[in-house]
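Novice: Quick one: structure below, then a few questions.
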Amino acid sequence: MSAASPEPGPLGIFGGTFDPIHIGHLRLAQEAHEALRLSHVSFVPAGQPPHRGAPRSRAADRLAMVRLATAGNPAFTVDDSEVFAQGKSYTALTLERLRAALGPQRSLVLILGADAFQGLPTWHRWRDILQLAHIAVANRPGYAPQGHRRPGALSPELDAVCSDHMGNDPGAVRESPAGRIVPFDMTPLAISASQVRSLIQAGHSARYLLPDPVLDYIERHHLYRGT
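Given below as C-alpha coordinates:
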(Lines of atoms letter the chains of each structure in order from A and count residues from 1; the text may use other names and numbers.)
(Lines give C-alpha, C1' and ligand atoms only; values in the text may rest on other atoms or scores of the structure.)
Protein backbone atom coordinates (compact mmCIF):
# COMPACT_ATOMS: atom_id res chain seq x y z
CA MET A 1 0.00 0.00 0.00
CA SER A 2 1.39 3.41 -0.95
CA ALA A 3 1.64 6.19 1.61
CA ALA A 4 -1.05 8.85 1.60
CA SER A 5 -0.22 12.06 -0.27
CA PRO A 6 0.77 14.90 2.04
CA GLU A 7 -1.72 17.69 2.59
CA PRO A 8 -1.04 20.51 0.10
CA GLY A 9 0.70 23.49 1.63
CA PRO A 10 -0.84 26.94 1.90
CA LEU A 11 -1.89 28.57 -1.36
CA GLY A 12 -1.01 32.25 -1.75
CA ILE A 13 -3.50 34.45 -3.58
CA PHE A 14 -2.15 37.67 -5.06
CA GLY A 15 -4.76 39.82 -6.76
CA GLY A 16 -4.35 43.13 -8.48
CA THR A 17 -4.99 45.19 -11.56
CA PHE A 18 -1.44 44.53 -12.85
CA ASP A 19 -1.62 47.46 -15.25
CA PRO A 20 1.13 46.46 -16.00
CA ILE A 21 2.71 43.79 -13.83
CA HIS A 22 6.24 44.82 -12.79
CA ILE A 23 9.29 43.61 -10.88
CA GLY A 24 7.89 44.86 -7.56
CA HIS A 25 4.85 42.59 -7.91
CA LEU A 26 7.00 39.60 -8.76
CA ARG A 27 9.47 40.17 -5.94
CA LEU A 28 6.65 40.59 -3.41
CA ALA A 29 5.14 37.27 -4.52
CA GLN A 30 8.52 35.50 -4.38
CA GLU A 31 9.27 36.76 -0.89
CA ALA A 32 5.77 35.83 0.31
CA HIS A 33 6.28 32.34 -1.13
CA GLU A 34 9.49 31.90 0.84
CA ALA A 35 8.56 33.68 4.09
CA LEU A 36 5.21 31.90 4.43
CA ARG A 37 6.35 28.59 2.91
CA LEU A 38 3.52 28.60 0.40
CA SER A 39 3.02 25.75 -2.05
CA HIS A 40 2.28 28.23 -4.85
CA VAL A 41 1.32 31.84 -5.38
CA SER A 42 -1.70 32.30 -7.65
CA PHE A 43 -1.83 35.65 -9.47
CA VAL A 44 -5.42 36.82 -9.93
CA PRO A 45 -5.70 39.77 -12.36
CA ALA A 46 -8.84 41.82 -11.75
CA GLY A 47 -11.31 42.10 -14.58
CA GLN A 48 -13.21 45.12 -13.26
CA PRO A 49 -11.38 46.43 -10.16
CA PRO A 50 -13.92 47.98 -7.77
CA HIS A 51 -11.63 50.45 -5.96
CA ARG A 52 -10.23 52.47 -8.84
CA GLY A 53 -11.09 53.83 -12.27
CA ALA A 54 -10.99 51.78 -15.43
CA PRO A 55 -7.56 50.27 -16.10
CA ARG A 56 -5.50 51.75 -18.92
CA SER A 57 -5.20 48.39 -20.70
CA ARG A 58 -7.78 45.72 -21.49
CA ALA A 59 -8.25 42.79 -19.14
CA ALA A 60 -7.07 40.41 -21.88
CA ASP A 61 -3.81 42.35 -22.25
CA ARG A 62 -3.22 42.49 -18.50
CA LEU A 63 -3.84 38.74 -18.24
CA ALA A 64 -1.42 38.07 -21.10
CA MET A 65 1.27 40.18 -19.42
CA VAL A 66 0.83 38.33 -16.11
CA ARG A 67 1.17 35.00 -17.91
CA LEU A 68 4.37 36.18 -19.59
CA ALA A 69 5.83 37.55 -16.35
CA THR A 70 5.19 34.40 -14.32
CA ALA A 71 5.93 31.76 -16.97
CA GLY A 72 9.45 30.97 -15.79
CA ASN A 73 8.68 30.41 -12.11
CA PRO A 74 7.23 27.00 -11.12
CA ALA A 75 6.00 28.52 -7.83
CA PHE A 76 3.69 30.92 -9.70
CA THR A 77 0.34 30.16 -11.31
CA VAL A 78 -2.28 32.41 -12.91
CA ASP A 79 -6.02 32.39 -12.15
CA ASP A 80 -8.07 34.02 -14.92
CA SER A 81 -11.45 33.72 -13.19
CA GLU A 82 -11.88 37.42 -12.40
CA VAL A 83 -10.93 38.47 -15.92
CA PHE A 84 -13.75 36.41 -17.42
CA ALA A 85 -16.33 36.90 -14.64
CA GLN A 86 -19.30 39.20 -15.02
CA GLY A 87 -19.36 42.21 -12.71
CA LYS A 88 -16.83 43.68 -10.30
CA SER A 89 -13.80 41.71 -9.10
CA TYR A 90 -14.60 41.31 -5.41
CA THR A 91 -12.01 39.42 -3.36
CA ALA A 92 -14.61 37.81 -1.09
CA LEU A 93 -16.29 36.18 -4.10
CA THR A 94 -12.98 34.90 -5.46
CA LEU A 95 -12.10 33.42 -2.07
CA GLU A 96 -15.52 31.77 -1.83
CA ARG A 97 -14.99 30.16 -5.24
CA LEU A 98 -11.53 28.92 -4.24
CA ARG A 99 -12.77 27.62 -0.91
CA ALA A 100 -15.56 25.70 -2.64
CA ALA A 101 -13.09 24.22 -5.15
CA LEU A 102 -10.27 23.37 -2.72
CA GLY A 103 -12.27 22.32 0.32
CA PRO A 104 -12.56 23.57 3.90
CA GLN A 105 -9.12 22.41 5.12
CA ARG A 106 -6.76 23.96 2.56
CA SER A 107 -4.93 26.98 3.93
CA LEU A 108 -5.55 30.03 1.72
CA VAL A 109 -3.38 33.13 2.17
CA LEU A 110 -4.41 36.48 0.70
CA ILE A 111 -1.25 38.52 0.04
CA LEU A 112 -1.61 42.29 0.50
CA GLY A 113 0.70 45.25 0.63
CA ALA A 114 0.38 47.35 3.77
CA ASP A 115 -1.29 50.16 1.84
CA ALA A 116 -4.01 47.83 0.51
CA PHE A 117 -4.43 46.33 3.97
CA GLN A 118 -5.09 49.74 5.49
CA GLY A 119 -7.97 50.18 3.04
CA LEU A 120 -9.50 46.79 3.83
CA PRO A 121 -12.60 48.19 5.62
CA THR A 122 -13.69 49.76 2.31
CA TRP A 123 -13.79 46.36 0.58
CA HIS A 124 -16.97 44.45 -0.24
CA ARG A 125 -17.79 42.02 2.64
CA TRP A 126 -14.37 42.62 4.13
CA ARG A 127 -15.15 40.97 7.44
CA ASP A 128 -15.88 37.69 5.63
CA ILE A 129 -12.35 37.51 4.23
CA LEU A 130 -10.79 36.18 7.46
CA GLN A 131 -13.40 33.43 7.55
CA LEU A 132 -12.21 32.33 4.12
CA ALA A 133 -8.44 32.92 4.23
CA HIS A 134 -5.48 34.21 6.18
CA ILE A 135 -4.11 37.65 5.30
CA ALA A 136 -0.37 38.13 4.83
CA VAL A 137 0.67 41.80 4.97
CA ALA A 138 3.89 42.84 3.25
CA ASN A 139 5.79 45.63 4.96
CA ARG A 140 6.29 47.98 2.01
CA PRO A 141 8.43 51.12 1.71
CA GLY A 142 6.85 54.06 3.52
CA TYR A 143 4.16 52.09 5.32
CA ALA A 144 5.94 50.29 8.14
CA PRO A 145 9.30 51.26 9.64
CA GLN A 146 11.92 48.53 9.63
CA GLY A 147 11.28 46.10 12.44
CA HIS A 148 7.77 47.48 13.08
CA ARG A 149 5.51 44.48 12.64
CA ARG A 150 2.12 46.18 12.67
CA PRO A 151 1.54 48.11 9.42
CA GLY A 152 0.99 51.85 9.78
CA ALA A 153 -1.88 53.73 11.37
CA LEU A 154 -5.08 51.71 11.17
CA SER A 155 -8.72 52.66 11.40
CA PRO A 156 -10.38 51.76 14.74
CA GLU A 157 -12.36 48.91 13.21
CA LEU A 158 -9.33 47.40 11.48
CA ASP A 159 -7.21 47.90 14.58
CA ALA A 160 -9.78 45.90 16.56
CA VAL A 161 -9.64 43.08 14.02
CA CYS A 162 -5.83 43.07 14.21
CA SER A 163 -5.95 42.80 17.98
CA ASP A 164 -7.93 39.57 17.65
CA HIS A 165 -6.21 38.01 14.65
CA MET A 166 -2.65 39.33 14.20
CA GLY A 167 0.49 37.40 15.09
CA ASN A 168 4.16 37.72 14.20
CA ASP A 169 4.77 34.10 13.16
CA PRO A 170 4.40 33.59 9.38
CA GLY A 171 4.22 29.86 10.05
CA ALA A 172 0.78 30.35 11.61
CA VAL A 173 -0.79 30.14 8.16
CA ARG A 174 0.09 26.44 8.07
CA GLU A 175 -1.80 25.63 11.25
CA SER A 176 -5.36 26.38 10.13
CA PRO A 177 -7.30 27.11 6.92
CA ALA A 178 -8.05 30.79 7.65
CA GLY A 179 -8.34 33.50 10.26
CA ARG A 180 -4.84 34.85 10.94
CA ILE A 181 -3.19 38.14 9.97
CA VAL A 182 0.58 37.79 9.64
CA PRO A 183 3.14 40.40 8.51
CA PHE A 184 6.25 39.62 6.54
CA ASP A 185 9.10 41.82 5.35
CA MET A 186 9.78 42.52 1.70
CA THR A 187 12.74 44.10 -0.06
CA PRO A 188 12.04 47.83 -0.54
CA LEU A 189 11.34 48.33 -4.26
CA ALA A 190 9.56 51.62 -4.83
CA ILE A 191 8.13 50.73 -8.24
CA SER A 192 4.53 51.45 -9.20
CA ALA A 193 2.43 50.66 -12.25
CA SER A 194 1.54 54.35 -12.57
CA GLN A 195 5.26 55.20 -12.69
CA VAL A 196 5.77 52.63 -15.44
CA ARG A 197 2.81 53.95 -17.44
CA SER A 198 4.06 57.53 -17.12
CA LEU A 199 7.52 56.60 -18.36
CA ILE A 200 6.15 54.79 -21.39
CA GLN A 201 3.68 57.56 -22.19
CA ALA A 202 6.51 60.10 -22.08
CA GLY A 203 8.59 58.01 -24.46
CA HIS A 204 11.13 56.91 -21.85
CA SER A 205 12.38 53.39 -21.27
CA ALA A 206 10.83 51.20 -18.57
CA ARG A 207 13.45 48.50 -19.02
CA TYR A 208 14.57 46.79 -15.79
CA LEU A 209 11.30 47.79 -14.10
CA LEU A 210 9.43 45.07 -15.99
CA PRO A 211 10.35 41.59 -17.19
CA ASP A 212 11.59 41.79 -20.79
CA PRO A 213 8.71 39.68 -22.21
CA VAL A 214 6.20 42.11 -20.64
CA LEU A 215 8.04 45.13 -22.02
CA ASP A 216 8.16 43.49 -25.45
CA TYR A 217 4.41 42.84 -25.26
CA ILE A 218 3.73 46.48 -24.35
CA GLU A 219 5.82 47.71 -27.27
CA ARG A 220 4.29 45.21 -29.70
CA HIS A 221 0.73 46.16 -28.76
CA HIS A 222 1.42 49.90 -28.33
CA LEU A 223 0.08 49.99 -24.77
CA TYR A 224 0.18 53.09 -22.56
CA ARG A 225 1.18 55.36 -25.45
CA GLY A 226 -1.95 57.50 -25.55
CA THR A 227 -3.04 60.28 -23.23
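Its first residue numbered 1, the sequence shown is counted upward by one per residue in full-length UniProt numbering. Where a beta carbon is used, it is the ideal one built from N, C-alpha and C, also for glycine.
(1) Excluding the five sequence neighbours on either side, which residues of its own chain have a C-beta within less than 7 Å of the C-beta of A206, listed in chain order?
(2) Beta-carbon within less than 6 Å of F14's beta-carbon, same chain only, minus the 5 sequence neighbours each way: which residues are those?
(3) To the nearest angstrom, how far is the alpha carbon of H124 from that of T91?
(4) Please look up how many angstroms separate the CB atoms of L132 and L108, rounded, as I've assumed it's under 8 Å.
(5) Alpha carbon to alpha carbon, how far is G203 from R225? Give it in angstroms, no decimals.
(6) If we ignore side chains and look at the alpha-carbon of each, how far apart do P183 and G113 end up?
(7) Check for me: the beta strand (DSSP E) holding T77 runs from which residue to which?
(8) So within the UniProt domain "Cytidyltransferase-like" (13–163), which uninterrupted alpha helix (DSSP H) runs reach at least 4 residues, ignoring any that extend past its ends?
(9) Taking Cβ to Cβ, would you say V83 is nearer than 7 Å to P50?
(10) Since V196 is in the alpha helix (DSSP H), which residue starts that stretch and which ends it?
(11) If you measure between the beta carbons of S155 and P211, is that distance less than 7 Å?
(12) When you compare the CB positions of I191 and G24, do they come within less than 7 Å of one another, or not?
(13) Between L189, R127, I218 and A178, which has its C-alpha nearest E31's C-alpha?
(14) How would you call Y208, buried or exposed, if buried means at least 16 neighbouring beta carbons within 10 angstroms?
(15) What did DSSP end up calling residue 231 once you bin it into helix, strand or coil?
(16) Output yes or no for whether 7 Å exceeds the beta carbon distance between D19 and R62.
(17) Applying the 10 Å Cβ sphere with the 16-neighbour rule, what's the burial state of R127?
(18) What is the rounded straight-line gap between the Cα of D79 and the Cα of A178?
(19) What does the Cβ neighbour count give for T17, buried or exposed, with the cut at 16 atoms within 10 Å?
Specialist: Let me spell this out:
(1) V196, L199, I200 and L215
(2) A29, V41, F43 and I111
(3) 8 Å
(4) 7 Å
(5) 8 Å
(6) 10 Å
(7) F76 to V78
(8) 23–35, 59–70, 81–84, 91–102, 114–118 and 129–132
(9) no
(10) A193 to Q201
(11) no
(12) yes
(13) L189
(14) exposed
(15) The chain is shown only over 1 to 227; residue 231 falls outside these bounds and no answer can be derived.
(16) yes
(17) exposed
(18) 20 Å
(19) buried
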